[in-house]
Amino acid sequence: MARCRSWPGEQKTGFASSGLMGLERHFLAVPALALLLGGCGGGSELPISGREFPMQAMAAASTAETPVEAIPRPIPITGYDIKRTPESGLFGFEHVYTGTKTPTGRSILAGTYRLLDYAGGSGTLNDGIYPFSVTAAHMLKIGTADDGLPVAPLITMYLGRKVLITSLKAYQGPLPSGPDFYAGAFISATFEIGTTSETIPLGRGFGPTNSLGWFVNREFMLANTSLGTIPTDRIVLRDFLALMHRYTLREFEIGEIEIEGIPLIDVNIDIRPGNPHNKVNLASNGKLPVALLSSPDFDAPKMVQPATLRFGKTGEEISLSACPTAVDLNHDKLPDLLCMFNTAATGLSANDDKAILKGITRTGEILRSQASIQTKDQNILDKQK
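Quick look at the structure:
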């Protein structure tokens, strides 16, 4: 039975059969791992124990499975807030909102309509009813209020989960009863995620056209902007621009907003399972074991596409060697996915205190994780052996 040297303070382990530790707990008995690691060579240590699970053919990173790409999809809007909106009824356009409506003390049109702050609710903008009548469109004001100051409406859309937003669609009409002067007027806005903002000067027109030949709907593409790489569960719209036949308008309507994006899954990982300090030997030319831990909502062996996994300094490093086995490493009766990465390809350096893993699930969702690490050079390791 071959034995491998371990880091100081670690449990020393060998490739043993399940009978040595009992039926319910055993060291990885591992013809596959032994072949993968070349016994104990290459500086690989594997202080891992747990129950193995049957696996389909996932042994090599160069699996014949065609990887599924990250797929944008409709993202439910769970609610929204609006700062400084006219109350319902402006120019005959009526909207609904279920949250709180707080007067701002300001008004428009010589006191005819109050400006309100909406918070904590849903309504016309996310009710799934498209604006084919004046009772399904929210009219917003972007000129000045009665006090001479800009109205400056601001919309915050809330999503049910963290995503990478790829696009936002604003549906604006038309009305079946006749030409709608405002349908299609909203063409530009500034979009904000956290502290990052991007102004999109002209959204892509789509759908039917109004009486002037303008598309009544606009799609704003965020995928190729700085916002498209920021995980978020909300987005802010501000600094709206409305035009019609080269004339700037002071009002515009939105009947429905749709958001598309790529869902994110935050997963837990265990670097060098069995080593509580996640120590990484930067001088090693061997394999670094990393476990993707399952949860009741995340079955790592079934959901993860091994060939898409990247691991290292930024999470973009192509360092995967193989994902040889499914094993319950943390003894929660759920199979975890154990993968091996080439240490030299991770890009980690002595100043790094964390490592990042990224990948894609078999249903096109992005998975990500990071964990703290301790790095040591070979000279220190030799002194501690």
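Using full-length UniProt numbering, the first residue of the sequence shown is number 1, and each one after it goes up by one. Backbone N, C-alpha and C fix where the C-beta goes; we use that ideal spot for every residue, glycine too.
The DSSP assignment places no complete run of the alpha helix (DSSP H) inside the region 117 to 156 (cut-off: 4 residues). The C-beta distance from residue 104 to residue 117 rounds to 6 Å, short enough to meet the 8 Å contact threshold. Secondary structure of residue 93 (DSSP, three-state): coil. Membership of residue 344 in any alpha helix (DSSP H) is not indicated, and neither H nor E is assigned to it by DSSP. DSSP places residue 301 in the uninterrupted alpha helix (DSSP H) bounded by 300 to 303. Taking all protein chains shown into account, residue 222 has 16 or more neighbouring C-beta atoms within 10 Å of its C-beta and is therefore buried. If you look at residue 101, you'll find it in the beta strand (DSSP E) that goes 100 to 108. Your pair residue 197 and residue 241 does not check out as a contact, with CB atoms roughly 15 Å apart and the cut at 8 Å. When DSSP states are grouped into helix, strand and coil, residue 213 belongs to the coil group. Scanning its chain for C-beta atoms nearer than 8 Å, with the 5 sequence neighbours on each side dropped, one finds around residue 366 the residues 70, 164, 262, 263, 264, 265, 358, 359 and 360, in chain order.
DSSP places residue 257 in the uninterrupted beta strand (DSSP E) bounded by 256 to 266.
Restricting attention to 233, 173, 185 and 193, the CA atom closest to the CA of residue 251 is found in 185. Sixteen is the threshold: since fewer than 16 other Cβ atoms of the shown chains lie within 10 Å of the Cβ of residue 349, the residue is exposed. The beta carbon of residue 234 sits closer than 8 Å to the beta carbons of 156, 157, 158, 159 and 193 from its chain, once the five residues preceding and following it are set aside; these are given in chain order. Setting aside the 5 residues that flank it on each side, residue 76 is surrounded in the same chain by 160, each with a C-beta closer than 6 Å to its C-beta; the list follows chain order. With respect to the 9 Å criterion, residue 151 and residue 115 are classified as neighbours on the basis of their beta carbons. Our two residues, residue 325 and residue 226, have alpha carbons roughly 38 Å apart in a direct line. Note that the C-beta distance between residue 300 and residue 270 is not below 9 Å. Here residue 246 is not near residue 190, since their CB atoms are 9 Å or more apart. Within a 10 Å sphere around the beta-carbon of residue 112 sit fewer than 16 other beta-carbons, which makes this residue exposed.
If you compare the alpha carbons of 106, 129, 132 and 125 with that of residue 147, the shortest gap goes to 106. Residue 364 and residue 294 have their C-alpha atoms roughly 18 Å apart. If you keep only unbroken alpha helix (DSSP H) runs of at least 4 residues inside the region 275 to 353, you get 300 to 303. With a cutoff of 9 Å on beta-carbon distance, residue 217 and residue 374 are scored as not near each other. Take residue 154, set aside five residues on each side of it, and the residues of its chain with a beta-carbon closer than 6 Å to its own are 83 and 238, in chain order.
The DSSP-derived three-state label of residue 160 is strand.
Counting every other CB atom within 10 Å of its CB across the protein chains shown gives residue 332 a total below 16, marking it as exposed.
One Cα belongs to residue 267, the other to residue 131, and the distance between them is close to 40 Å.
Per DSSP, reduced to three states, the secondary structure at residue 88 is coil, with no helix or strand assignment. DSSP, read as helix, strand or coil, puts residue 222 in coil. For the 9 Å CB-CB criterion, residue 169 and residue 230 do not form a contact. In the DSSP assignment, residue 74 falls within the unbroken beta strand (DSSP E) covering 73 to 75.
Within the same chain, and ignoring the five residues on either side of residue 369 in sequence, the residues whose Cβ sits closer than 6 Å to its Cβ are 267, 269 and 357. Under DSSP, residue 361 shares a beta bridge with 304.
In the three-state reduction of the DSSP assignment, residue 112 falls in the coil class, being assigned neither a helical nor a strand state.
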